[in-house]
Amino acid sequence: MDVEAMEEEARRAAADLAKRLARELHIDDDVREKRKNIRESVSKHIPDNLLPKVAIIGRPNVGKSALFNRLVGGNRAIVVDEPGVTRDRLYGRSYWGDQEFMVIDTGGVITLSKSRAGVMEELAVTTTVGMDGIPLATREAAIARMPSMIEKQAVAAVDEAAVVLFVVDADIEISDWLRRNYSDKCVILAVNKCESPRKGQMQALDFWSLGFSPLPISAITGTGTGDLLDLVCAELRKFEGLDGVEEEKNKVPAIAIVGRPNVGKSSILNALVGEDRTIVSPVSGTTRDAIDTEFTTADGEKYKLIDTAGIRRRAAVVSAGSTTESLSVKRAFRAIRRSDVVALVIEAMACVTEQDYKIAERIEKEGKGCVIVVNKWDTIPNKNHESTTHYEQDVREKLRILDWAPIVYCSATNGTSVEKIISAAALVEKERSRRLGTSILNQVIREAIAFKPPPRTRGGKRGRVYYTTQAAVGPPTFVLFVNDAKLFSDTYRRYIEKKLRSDAGFPGTPIRLLWRSRRRPDKRGKSADSKLQSPGAPSRMVVAA
515 MDVEAMEEEA RRAAADLAKR LARELHIDDD VREKRKNIRE SVSKHIPDNL
565 LPKVAIIGRP NVGKSALFNR LVGGNRAIVV DEPGVTRDRL YGRSYWGDQE
615 FMVIDTGGVI TLSKSRAGVM EELAVTTTVG MDGIPLATRE AAIARMPSMI
665 EKQAVAAVDE AAVVLFVVDA DIEISDWLRR NYSDKCVILA VNKCESPRKG
715 QMQALDFWSL GFSPLPISAI TGTGTGDLLD LVCAELRKFE GLDGVEEEKN
765 KVPAIAIVGR PNVGKSSILN ALVGEDRTIV SPVSGTTRDA IDTEFTTADG
815 EKYKLIDTAG IRRRAAVVSA GSTTESLSVK RAFRAIRRSD VVALVIEAMA
865 CVTEQDYKIA ERIEKEGKGC VIVVNKWDTI PNKNHESTTH YEQDVREKLR
915 ILDWAPIVYC SATNGTSVEK IISAAALVEK ERSRRLGTSI LNQVIREAIA
965 FKPPPRTRGG KRGRVYYTTQ AAVGPPTFVL FVNDAKLFSD TYRRYIEKKL
1015 RSDAGFPGTP IRLLWRSRRR PDKRGKSADS KLQSPGAPSR MVVAA
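In this note's numbering, the protein residues as written are 515 to 1059.
Written out as structure tokens, the structure is:
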């Protein structure tokens, strides 16, 4: 038996499966990989938190998010002609020449009549997430506080930045605020929406009165952004702290926090990191972008947490007619795509809904590890061991596609058991990256077949497994070389998968089984099947259900 040839064929089969699934999910892997390679070619492997930061601030709808996208590449921030879309701080890695830095997009600052200390004092108490059926007065109060909460995020961004990009149409008040509170910061005044280079200089003249040297740019067309980046990098070279940073070669696992609107995703992130990293409000749809946050546990383990917008049913999004919400949902799905483990948050009182199952299907199809998080567990009355067992059975039944995922019960508002999410995710990521020895794998398959042989067909034929190998990780992908893949029913394939899980583990991660038709080699070592395809030709592949 030509084991090396089968191992190579298995690797190709696993790669083909990954590409096919990516195409089905409408994700352009080639562009994404090319962009990643460009960044890695100049990256010094410096952790995000140690890079100098450039904050973008200004009033709503002056083009901050468009400039952010221009600097970091791609469409990380949602850009629509509608004020107030960006709310939380959004981070992105950028580079110019050999200089690498973090860019921070912020929400539009509406009023700065209060002092910096006054804003922080007013928002000292974190807003908690309410339940459905919020009283109108409570909802109106939350909406009224939103501008101040967005302003708090902008203040935090400027505090940690080495350079501030002040994007304007025309703004006296913010310029006074920057000079008064951040005289030690380098402020670059970027006059956006100057698409014409000739007219841009004339438009920029009007902004000398703000007390900074104006630079005309266009975030949409890119006009003037090269000069802007030259200025930014010149200032960043003055920023100390980059020399002597050790390279960080270990990949930081990414955990995406997803779920329906208002189930407590942002509250969970804030409880984990110990700060108001994202705005929390009882109003559904508060989070718009996918927010990345680096997080270090008490044990020194590093993770990247991705908070996402709530995912509603497609019909609800379409009927609402909101371009912003549609883009937010796409960002949430992309967050799943770039994560290693997904924390699927469901609300305890609502239990599992049809939309939760749709999100679960997406997670499984993406091949991501998963932890099911039942939030607001404190709202369930009269809990005991028996009621908890019944609750878990209900969750397992309704999310049967994720029957391999661990369940964590927590309450983000009071911090109960939130740390268990990270512990569970760490175990899941380890299992998702685990390789099973070939000898052990084949022994498990042989024992499974001996215990329950494949049933014979009407013609008296029976399926036979010649050899099994693990072709990939993330998720674990196994290739079974058999006499004829058609002889193995869906029921029998599910049996093999369950047997593999029960004997070899892999909790918290989906596994892929590929069935490859291949004749047993004859005694001379050559295949007895004259129709066996060459390595370069397309081959028949059947994926287990």
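Quick reminder that beta carbons are idealized off the backbone N, C-alpha and C, glycines included.
For residue i, count neighbouring C-beta atoms within 10 Å of its own C-beta (all shown protein chains included) and say buried if the count is 16 or more, exposed if not.
{"i": "Asn776", "result": "buried"}
{"i": "Pro1024", "result": "buried"}
{"i": "Phe721", "result": "buried"}
{"i": "Pro895", "result": "exposed"}
{"i": "Val517", "result": "exposed"}
{"i": "Gln907", "result": "exposed"}
{"i": "Lys548", "result": "Legend: pLDDT at Lys548 = 49, less than 50; position of this residue unreliable, value from coordinates given subsequently. Exposed: under 16 other Cβ atoms inside 10 Å."}
{"i": "Leu564", "result": "exposed"}
{"i": "Met520", "result": "buried"}
{"i": "Asn889", "result": "buried"}
{"i": "Gly974", "result": "exposed"}
{"i": "Asp821", "result": "buried"}
{"i": "Phe582", "result": "buried"}
{"i": "Asp690", "result": "exposed"}
{"i": "Ile954", "result": "exposed"}
Considering residue i, what are the terminal residues of the beta strand (DSSP E) in which it resides?
{"i": "Ser1031", "result": "1026-1031"}
{"i": "Glu614", "result": "613-619"}
{"i": "Asp821", "result": "816-821"}
{"i": "Phe992", "result": "991-996"}
{"i": "Phe726", "result": "Where Phe726 is concerned, there is no enclosing beta strand (DSSP E), given that its DSSP letter is neither H nor E."}
{"i": "Lys567", "result": "567-571"}
{"i": "Phe680", "result": "677-682"}
Return helix, strand or coil for residue i, following the three-state DSSP convention.
{"i": "Val888", "result": "strand"}
{"i": "Arg607", "result": "strand"}
{"i": "Lys811", "result": "Rather than Lys, the amino acid found at residue 811 in this sequence is Thr. Note: Thr811 maps to coil in three-state DSSP."}
{"i": "Lys897", "result": "coil"}
{"i": "Glu933", "result": "helix"}
{"i": "Ala830", "result": "Its pLDDT being 45, under 50, Ala830 is placed unreliably in this model, and the value from its coordinates should be taken loosely. Residue state, collapsed to three classes: helix."}
{"i": "Tyr696", "result": "coil"}
{"i": "Lys533", "result": "helix"}
{"i": "Ile915", "result": "helix"}
{"i": "Ser947", "result": "coil"}
{"i": "Phe847", "result": "helix"}
{"i": "Ile731", "result": "coil"}
{"i": "Glu518", "result": "helix"}
{"i": "Ser925", "result": "strand"}
{"i": "Glu861", "result": "strand"}
{"i": "Val987", "result": "coil"}
{"i": "Thr902", "result": "helix"}
{"i": "Ala768", "result": "strand"}
{"i": "Ile560", "result": "coil"}
In the DSSP assignment, find the unbroken alpha helix (DSSP H) run with residue i in it and report its ends.
{"i": "Phe965", "result": "952-965"}
{"i": "Thr1005", "result": "1004-1018"}
{"i": "Thr739", "result": "739-750"}
{"i": "Ala580", "result": "578-586"}
{"i": "Tyr871", "result": "868-880"}
{"i": "Val787", "result": "779-787"}
Using alpha carbons as the reference points, say which of the options lies closest to residue i.
{"i": "Gly714", "options": "Leu724, Ala536, Ile702, Pro728", "result": "Pro728"}
{"i": "Phe615", "options": "Tyr696, Gly621, Ala748, Lys890", "result": "Ala748"}
{"i": "Leu913", "options": "Leu585, Thr867, Leu786", "result": "Thr867"}
{"i": "Val705", "options": "Tyr696, Val682, Glu961", "result": "Val682"}
{"i": "Leu1014", "options": "Arg960, Pro967, Val586", "result": "Arg960"}
{"i": "Leu994", "options": "Phe1002, Tyr981, Ala985, Val987", "result": "Tyr981"}
{"i": "Pro969", "options": "Glu945, Tyr1006, Leu955", "result": "Tyr1006"}
{"i": "Tyr923", "options": "Lys666, Lys765, Gly881, Ile782", "result": "Ile782"}
{"i": "Thr739", "options": "Phe726, Lys707, Thr991", "result": "Lys707"}
{"i": "Arg1061", "options": "Val859, Gly883, Leu1001", "result": "Past the boundaries of the shown model lies residue 1061; the chain is included only from 515 to 1059, so the question cannot be answered."}
{"i": "Gly1021", "options": "Val932, Val942, Asn997", "result": "First, the residue type needs correcting, since residue 1021 is Pro and not Gly in the sequence shown. Ranking the options by Cα distance to Pro1021, first place goes to Val942."}
{"i": "Leu724", "options": "Gly1019, Arg693, Ile731", "result": "Arg693"}
{"i": "Phe992", "options": "Asp998, Ile1010, Glu815", "result": "Ile1010"}
{"i": "Thr971", "options": "Ala670, Asp998, Ala668, Lys934", "result": "Asp998"}
{"i": "Gly883", "options": "Arg1026, Gly572, Thr737, Val787", "result": "Arg1026"}
{"i": "Ala940", "options": "Ala1018, Ile769, Gly788", "result": "Ile769"}
{"i": "Ala962", "options": "Arg534, Val979, Pro561", "result": "Val979"}
{"i": "Leu463", "options": "Gly621, Ile860, Trp610", "result": "The structure shown does not extend to residue 463, since the chain spans only 515 to 1059, so no value can be given for it."}
{"i": "Asp741", "options": "Ala676, Ile702, Val855, Asn784", "result": "Ile702"}
{"i": "Ile921", "options": "Pro566, Leu679, Ala862, Gln957", "result": "Ala862"}
{"i": "Glu945", "options": "Ala964, Gln957, Glu878, Val855", "result": "Val855"}
{"i": "Ala676", "options": "Val746, Asn784, Asn928, Thr735", "result": "Val746"}
{"i": "Ala532", "options": "Pro989, Thr903, Ile915, Val669", "result": "Pro989"}
{"i": "Thr927", "options": "Ser780, Ile935, Ser1031", "result": "Ser780"}
May I ask whether a heavy atom of the ligand MN can be found less than 6 Å away from the beta carbon of residue i?
{"i": "Phe965", "result": "No copy of the ligand MN appears in this structure; indeed no ligand is present at all."}
Is any beta-carbon of chain D found at less than 7 Å from that of residue i?
{"i": "Asp917", "result": "No chain D appears in this structure, which consists of one protein chain only."}
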